[in-house]
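This report refers to the structure that appears directly beneath it.
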Amino acid sequence: MSGSDLQLRVLNNPDPERAWSGLYDPDPSHWSWGNKATLEDETSESQDPYHGRGIYMCGYLNVLLDYTNESESRTVRLAVTKFQVSGLGHARDASDVTAGRTPGSKSRRTIVIEPGGPGGSGTSFAWRQAEAITEKLSDGEFDVLGWDPRGVNASLPAASCYPYNADRDRWSLLTHQYLEVSGSPRAQLALADAMNKAVFQACWERLGDIGRFVSTAFVAHDLEQTRTALGEDELTGYLVSYGTGIGQTYANMYPGSVGRMILDGTEYSVSVDELKIRMKSLLESLIEQPIPGYTESSGPSLITYSAIVDIIYASLYNAESWPRLAQILYDLELGNSTLAAAIFEEQAWEYDPTLPARPLSKAWLDELTPLVICADAYDAPQPDGLDWWLSLWTSMTTKSWVAGNSRFLAVLPCRHFNTYWPKPAEVYRGDLNHTLKHPVLLIAETYDSATPLRNGRRLLYEMGPNARLIVHHGYGHSSRDRSNCTDSIVKAFILHGTLPEVAETDCYANEKPYLYGLKARHAALLEFPVKDADQRTPWIHV
């Protein structure tokens, strides 16, 4: 088994063990293997093409729905994916040892990963990045396990409140207009507010009281159950973005279980006046009137203010996407919408009329995000009426045109959360200064639009001697901007448990935005002259 569709057939089943065994495929060529080892013995490989290769394995873990109620019998089924670096061993040859590991054996520690959210899929993260993570953090020594938190992706019950994605798409056209392009902001706010209430009503109809059990505290409980199921005395983890919130909560709810945990993505801006003026002019023109676009596969389209702001905001997560963004904005200044229309086409709709109809595709789980946000903030006093919210919307967009709208629309649904779930079963309110079994390693970036450096420093201050902080001088969200300094510290921590003695350590990214790969390309040019060496990384929407 290698995909989420097969995994769901097992997870959403009253007798999963029988369903699981029924899906067994004895042909190893159909299994999901890791990459070949670069120094693999040719003789061994000729005898066994999978010798020395890790393998991806998927499974599930049943946990309690409500940890606060012993009489509650309902369970949540968490989807998990593990990359086992030792691969699989032949039953007939249990004595075989490769690179110091017995094939088929579990590693001493398992790196548990969580990519962010709320709503980020750990199983998807594992499928895409597990091999790179084990190499980066442990020189390929430790297994990597990703799990889908309750309500996310393949875990059950899944927190989707629409039967089909097309229904969500249609309503989003009405409800996700930004303040700057709304003809009547008050009326637009009332429309979005009514739709939020309708969505939460649908969540109640489809999911019942599940909204009470998706808070970060419950996810931390699930993480402890994952550690226990692994049979490890302490948790080894790499948790990113919202995952750091899970990690902070977990560490202080289970301080004796904290092993080698890295929390990554827990200000100072430089602007060029001319670029600011040009950007302001472009955005104002889009507010006044969208720019027409066209693609051969989808036909006519519109380049709107809201869509461009979303693209700019998403690009701030990954500096390698900036050259493509710069080209889009430059082209739009000149009236050329070709590239922008192509990008929007990639991101817009799931339905593709050129492909055969698909049976009952799994709906996305967008509603999980507001359910978690609102559960964690359920006891915040609710202002009376929409006028206060309109004032907040105006204030947020004035403070930040790039993030104000999307962040406001993310919290507006909380007006109606308590109507359906008056009190979550458990919410953790701190403190964050419990004495941990081992200190945690924090990573905060100097140019991170989502989780700025000040967040990391505040958390370091709160945790005191229970944490160390890497000040990662890089660009984008979390430490994806590679730094040999940061890599060496996290690897020493994961492999040996060693940490810097000082509270803060400064590390600098190896390269700068718009110059990624320049040194390598320059070296290649010296040896192999080519016509065009500017191979930019494709646009990545995070």
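First residue of the sequence shown? That's 1 in full-length UniProt numbering, and the numbers climb one at a time after it. Ideal Cβ positions, reconstructed from N, Cα and C, are used throughout, including at glycine. Just so it is clear, the structure is predicted and the values come from calculations on it, not from any experiment.
- Boundaries of the alpha helix (DSSP H) around V199: 185 to 207.
- When DSSP reads this structure, D264 sits in a beta bridge with V240, I443.
- With respect to V112, L235 sits close: the two C-beta atoms are nearer than 9 Å.
- Secondary structure of R278 (DSSP, three-state): helix.
- The Cβ atoms of S306 and V144 lie no closer than 9 Å to each other.
- By the criterion of at least three beta-carbon pairs nearer than 8 Å, the stretch 369 to 382 is in contact with the stretch 209 to 220.
- Proximity of the stretch 188 to 201 to the stretch 59 to 74 falls short of the contact definition, fewer than three beta-carbon pairs being nearer than 8 Å.
- By the neighbour-count criterion, in which a residue is buried when 16 or more other Cβ atoms sit within 10 angstroms of its Cβ, Y475 is buried.
- Runs of the alpha helix (DSSP H) spanning 4 or more residues and lying entirely within the stretch 400 to 480 occur at 404 to 411, 417 to 420, 453 to 463, in chain order.
- Taking 9 Å as the cut-off, the Cβ atoms of I311 and L325 count as close.
- The shortest C-alpha to C-alpha distance from R480 to any of I489, G151, G497, E445 is the one to E445.
- Taking C-beta atoms as the reference points, L499 and L441 count as a pair closer than 9 Å.
- Annotated three-state conformation of G247 is helix, per DSSP.
- Distances from the alpha-carbon of T505 to those of T451, R206, C485 put C485 closest.
- The C-beta of Q177 has 16 or more other C-beta atoms within 10 Å across all chains shown, which makes the residue buried.
- The shortest C-alpha to C-alpha distance from G146 to any of D169, Y162, R227 is the one to R227.
- Counting only the Cα atoms, S488 lies some 14 Å from G140.
- With distances taken between CA atoms, A190 lies nearest to L386 out of F213, I210, G119, L386.
- Between H477 and L316, the CB-CB gap stays under 9 Å.
- Per the coordinates, the alpha-carbon of A132 lies some 40 Å from the alpha-carbon of D273.
- Under DSSP, I328 forms no beta bridge with any residue.
- Per DSSP, reduced to three states, the secondary structure at A158 is coil, with no helix or strand assignment.
- An exposed status is given to T338, since fewer than 16 other beta-carbon atoms sit within 10 Å of its beta-carbon.
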